[in-house]
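**Student:** The structure is given below, and queries will be raised subsequently.
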Amino acid sequence: DSGVTQTPKHLITATGQRVTLRCSPRSGDLSVYWYQQSLDQGLQFLIQYYNGEERAKGNILERFSAQQFPDLHSELNLSSLELGDSALYFCASSQRINSYEQYFGPGTRLTVT
Amino acid sequence: AQRVTQPEKLLSVFKGAPVELKCNYSYSGSPELFWYVQYSRQRLQLLLRHISRESIKGFTADLNKGETSFHLKKPFAQEEDSAMYYCALNGEYSGNTPLVFGKGTRLSVIA
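Protein chains in written order, with the numbering used here: chain A, 22 to 134; chain B, 1013 to 1123.
Structure, rendered in structure tokens:
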């Protein structure tokens, strides 16, 4: 599959814990975006990286952080987890730095108990 | 501030009936508007963009700058149209303007 991949598919953890979500962009895409999807808030933009550098920041909590590595894969770290962090986390990628056409991954469903 | 509003969380229509998914936006410049769709068990994907003025799967959307709207329409709904639809806005590049999504509308087409 040459599309965007995300691991793991599902994650169940307890409050107070820390997890790492991983994303591999499409081949050739330099930009990676992270989104949080919840029932109440819809699709919320968290953060964007372009070729290893942070490019834009949205509604990302201080407990959350991300990075993009030299091989262009990205990780989203969520710490001190709360029940309200339970959501679907999507990664998307694009070739250009500011592209309307973003290719989405299948998402990671995080459940905090 | 950029904002996209989709007033309906859920829209149910009968097969063969017309569909209109509403989207209103708030942006002071010249926006680009898009519709993304997420079918069951599939990834979120781009459906159409206002610049291309195309019809995809029978859907069209016209940008109305006077009413700041970008409603998605289809004259005859099909069961396979059932999905989650997101309206999105891309503002003029300022170095910090990724896509802004609305909260989405779930379309349910009833046989």
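We put the CB at the ideal spot given by N, CA and C, even for glycine.
Mapping DSSP to helix, strand and coil, what is E122 (chain A)?
**Tutor:** Note: E122 (chain A) maps to coil in three-state DSSP.
**Student:** Using a Cβ cut-off of 8 Å (strictly closer), state whether N1102 (chain B) contacts chain A.
**Tutor:** Output row for N1102 (chain B): interface = yes.
**Student:** Between L1111 (chain B) and chain A, is there a C-beta pair that is closer than 8 Å?
**Tutor:** So yes, L1111 (chain B) belongs to the interface.
**Student:** Going by the DSSP bridge assignment, what does R1055 (chain B) pair with across the sheet?
**Tutor:** DSSP lists no partner for R1055 (chain B).
**Student:** Going by DSSP, what residues sit across from L1033 (chain B) in a beta bridge?
**Tutor:** Answer is B:L1084, bridged to L1033 (chain B).
**Student:** In its own chain, which residues sit with a C-beta less than 7 Å from the C-beta of N72 (chain A), not counting the 5 before and 5 after it?
**Tutor:** Around N72 (chain A): L51.
**Student:** Is the beta carbon of G1078 (chain B) within less than 7 Å of some heavy atom of the ligand ADP?
**Tutor:** The ligand ADP is not part of this structure, which contains no ligands at all.
**Student:** Which residues bound the beta strand (DSSP E) around G63 (chain A)?
**Tutor:** Its beta strand (DSSP E) spans residues 63 to 71.
**Student:** Would Q69 (chain A) pass as an interface residue toward chain B - the criterion being a Cβ-Cβ separation below 8 Å?
**Tutor:** Answer yes: the Cβ-Cβ gap between Q69 (chain A) and chain B drops below 8 Å somewhere.
**Student:** How would you list, in chain order, the residues of chain A whose beta-carbon sits under 9 Å from the beta-carbon of G1116 (chain B)?
**Tutor:** Here the neighbours are Q58, G63, L64.
**Student:** To which residues of the same chain is V1031 (chain B) closer than 6 Å at the C-beta, ignoring the five residues directly before and after it?
**Tutor:** Closer than 6 Å at the Cβ level, and outside the excluded window around V1031 (chain B), lie V1025, K1086, A1089.
**Student:** Can at least three beta-carbon pairs, one atom from the stretch 71 to 88 of chain A and one from the stretch 1046 to 1057 of chain B, be found at a separation below 8 Å?
**Tutor:** With a cut-off of 8 Å, the stretch 1046 to 1057 of chain B and the stretch 71 to 88 of chain A do not count as touching, because too few Cβ pairs lie within range.
**Student:** Strictly by DSSP, which residues pair up with Y1039 (chain B)?
**Tutor:** Y1039 (chain B) pairs with nothing; no bridge assigned.
**Student:** Keeping to the same chain, check which residues put their C-beta closer than 6 Å to that of H31 (chain A); ignore five residues upstream and five downstream.
**Tutor:** The residues are R130.
**Student:** Mind listing the chain A neighbours of Y1098 (chain B)? Cutoff is C-beta to C-beta under 7 Å, in chain order.
**Tutor:** In chain order: L64.
**Student:** Given a threshold of 16 other Cβ atoms within 10 Å of its Cβ, counted over all protein chains shown, does Q57 (chain A) qualify as buried or as exposed?
**Tutor:** Buried, by the Cβ-count rule.
**Student:** DSSP three-state call for H94 (chain A): helix, strand or coil?
**Tutor:** It is coil, neither helix nor strand.
**Student:** What is the residue span of the beta strand (DSSP E) that H7 (chain A) lies within?
**Tutor:** This structure does not reach residue 7 (chain A), given that chain A is present from 22 up to 134, and the question cannot be answered.
**Student:** In the structure shown, what three-state DSSP assignment does L109 (chain A) receive?
**Tutor:** Strand.
**Student:** For Y1037 (chain B) versus R1015 (chain B), is the C-beta distance shorter than 8 Å?
**Tutor:** Yes, the Cβ-Cβ distance between Y1037 (chain B) and R1015 (chain B) is below 8 Å.
**Student:** By a C-beta neighbour count over all protein chains shown, 10 Å radius and 16 as the cutoff for buried, is I1122 (chain B) buried or exposed?
**Tutor:** Under this definition I1122 (chain B) is an exposed residue.
**Student:** Starting from the beta carbon of F1046 (chain B), find every residue of chain A whose beta carbon is closer than 7 Å, and list them in chain order.
**Tutor:** In chain order: Y121.
**Student:** Would a check of beta-carbon distances place G126 (chain A) closer than 8 Å to chain B?
**Tutor:** Yes, G126 (chain A) lies at the interface with chain B (some Cβ there is under 8 Å from its Cβ).
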